[in-house]
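A.B. asks: Under my numbering, the first residue of the sequence shown is numbered 370, with each subsequent residue one higher. Quick one: the structure is below, questions incoming.
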Amino acid sequence: MSRVNDGIVIVGASAAGLSTADGLREGGYTGPLTVLDEEAEPGYDRPMLSKSLLAAKEHATPAPLRTDEQLAAKGIDLLAGHGAMGLDIDRRLVVTNWGEAIGWRHVIVATGVTARPMVTAGGTTLPTLRTRADLTAARQLVTSARPVTLIGGGFIGLEVAAALRSHGVEVTLLAAAELPLAGSLGDEIAGWLHGLHLANGVLFELGTATASVEETARGYDIHLADGRVRQATSVLAGIGAEPASDWLIGSGIELDHGVVTDAAGRTNVEGVWAAGDIAARRDPLHGRRHRRFEHWTHAIEQGRRVGLNIARGEATAYDAVPYVWTEQYGLTLHMLGERRPGDTDIVVEGSVSTGDFVVAHGAGNELHGATICGRVRALRTYRKLLRARASLTDALGAAASA
């Protein structure tokens, strides 16, 4: 079955995909615009799954990114349950799970990432928290009041731990790192965050990786790399994410842990673009060939830029300051830029121990990033400093004049 379409196809009703659609219309594109998504109810506020939605006392549903009325007003044809299965760059077709072959002049890959699977010895994939269905399963753990073991000490794992503790669920978190998030935040902030979780009753098993998980009559036996075995009643895995790019294998699109793009969002094939979490941008400035940003604001802003570039026939680079936030125990931690390996962490305002601070990250006299808690007015200041490639001296000066 074929669907006639000489316009633009966006694969993925993600924040990046829908923001690309917005950018296309904003930039003046008036032709056919089709968005494909494999989920039956696509386009919802995914970061809130592990933040406010799991912590909420009432079972609120994820907020839609666009209403039907908003889609109709912009002439966006969203095909729910239509996942992309392949891309034909010669005939310019997207093949879907419905057997459709949809033509395109431009196609934007915005399929994002999927949770990295952890599979038991018996072949069962452990639950994660990435989709609406995952949220329902996690809420059932809350209702059952059974102890939960979390595998993974990244942002998602810590957010889920905080949310479950807010419901009184007993939580044990296993992580290979000696101190969760130390690489992203620095030892001082990571130590404070670890202490916050301890004070709220989270139990930790740190410094040892999980080697394997075995299902038992009681639940699970978790085999650690040092030979010990921990028993668990219920398990959730949060060990990272993988780009949803398998459907592009063999298509001719360059892949390297994501869809490789230039700074404007263009791939190696004319007319094919990528936006959001799946886009792996060349980044010679930081000595890395390709890198991806799995952040909400990046997906929205970079997706809009891709849409504008296509509509206006431009190749303008997206160069906004990276930003991510996490909510835990009623506190919001904001991270601007990036903390790089070997960076020094300087408390420029407040005190980390009180949960009210601004910490600058850098090396030599280069400012690479800032982590902020409580002092939200500093966000604007440090975003400007990072955009201007300011120095650590400039950051200290901004703090002194605040």
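Using N, Cα and C, we set each Cβ at its ideal position, and we do this for glycine too.
Are there 16 or more other CB atoms within 10 angstroms of the CB of A757, so buried, or fewer, so exposed?
C.D. replies: exposed
A.B. asks: Would you check if the region 454-464 and the region 614-621 touch, i.e. whether three or more CB-CB distances between them fall below 8 Å?
C.D. replies: Inter-segment contact for the region 614-621 and the region 454-464 is present: three or more beta-carbon pairs are separated by less than 8 Å.
A.B. asks: Report the rounded CA-to-CA distance for R394 versus H451, giving the unit in angstroms.
C.D. replies: As the crow flies, the alpha-carbon of R394 is around 23 Å from that of H451.
A.B. asks: Would you mind working out which of I445, L448 and I525 sits nearest R415, comparing C-alpha positions?
C.D. replies: I525
A.B. asks: Does the distance between the C-beta of A449 and the nearest non-hydrogen atom of the ligand ATP fall short of 7 Å?
C.D. replies: Ligands in the displayed structure: none, and consequently the ligand ATP is not present.
A.B. asks: What number of angstroms, rounded off, separates the C-alpha of T505 from the C-alpha of T465?
C.D. replies: C-alpha separation (whole angstroms): 27 Å.
A.B. asks: Just to confirm, is the Cβ distance from I647 to V476 under 8 Å?
C.D. replies: no
A.B. asks: Quick check: T480 and V380, are their CB atoms within less than 8 Å of each other?
C.D. replies: yes
A.B. asks: In angstroms, rounded to a whole number, what distance separates the CA positions of G364 and A732?
C.D. replies: Examination of residue 364 is not possible in this model, given that the chain is present from 370 through 771 alone.
A.B. asks: Return the first residue and the last residue of the beta strand (DSSP E) that W694 is part of.
C.D. replies: Looking at the DSSP string, the run of the beta strand (DSSP E) that includes W694 is Y692 to Q697.
A.B. asks: Of the choices H626, R650 and D590, whose alpha-carbon is the least far from that of A686?
C.D. replies: Among H626, R650 and D590, the Cα nearest to that of A686 belongs to R650.
A.B. asks: Measuring alpha carbon to alpha carbon, tell me which of V693, V727, L677 and G738 ends up nearest E707.
C.D. replies: Out of V693, V727, L677 and G738, G738 has the C-alpha closest to the C-alpha of E707.
A.B. asks: Candidates I520, E670, L440 and A382: which alpha carbon is nearest A409's?
C.D. replies: Answer by Cα proximity: A382.
A.B. asks: Less than 8 Å between the beta carbons of A385 and A689, yes or no?
C.D. replies: no
A.B. asks: If W561 and V745 are in contact, beta carbons under 8 Å, what's the gap, nearest whole angstrom?
C.D. replies: Contact annotation, W561 with V745: C-beta distance approximately 18 Å; criterion of less than 8 Å not satisfied.
A.B. asks: Within 10 angstroms of the Cβ of G672, are there 16 or more other Cβ atoms? Answer buried if so, exposed if not.
C.D. replies: buried
A.B. asks: Reducing DSSP to helix, strand and coil, say where A610 ends up.
C.D. replies: strand
A.B. asks: Excluding five sequence neighbours on each side, which residues of the same chain lie with their C-beta closer than 7 Å to the C-beta of G570?
C.D. replies: A distance below 7 Å between beta-carbons, with the five flanking residues on each side excluded, links G570 to the following residues of its chain, in chain order: R534.
A.B. asks: For the putative contact between A531 and L519, defined by C-beta atoms under 8 Å, what is the C-beta separation to the nearest angstrom?
C.D. replies: Rounded to whole angstroms, the Cβ separation of A531 and L519 is 11 Å, and the two are not in contact under 8 Å.
A.B. asks: What residue from E438, G609 and G588 has the CA that sits closest to R777's CA?
C.D. replies: The structure shown has nothing for residue 777, since the chain only spans 370 to 771.
A.B. asks: Counting pairs of beta carbons, one from the region 547-554 and one from the region 433-453, are three or more of them closer than 8 Å?
C.D. replies: no
A.B. asks: Is it the case that the Cβ atoms of A764 and V717 are separated by a distance below 8 Å?
C.D. replies: Yes, the pair counts as a contact, with Cβ atoms nearer than the cut-off.
A.B. asks: Does the distance from the CB of G627 to the CB of H664 come in under 8 Å?
C.D. replies: no
A.B. asks: If you drop the 5 nearest sequence neighbours on each side, which residues of the same chain put their C-beta closer than 6 Å to that of E670?
C.D. replies: A689
A.B. asks: Fully enclosed by the region 597-682, which beta strand (DSSP E) runs are 3 residues long or longer?
C.D. replies: 598-601, 603-606, 610-612, 628-630, 641-643, 648-652 and 657-660
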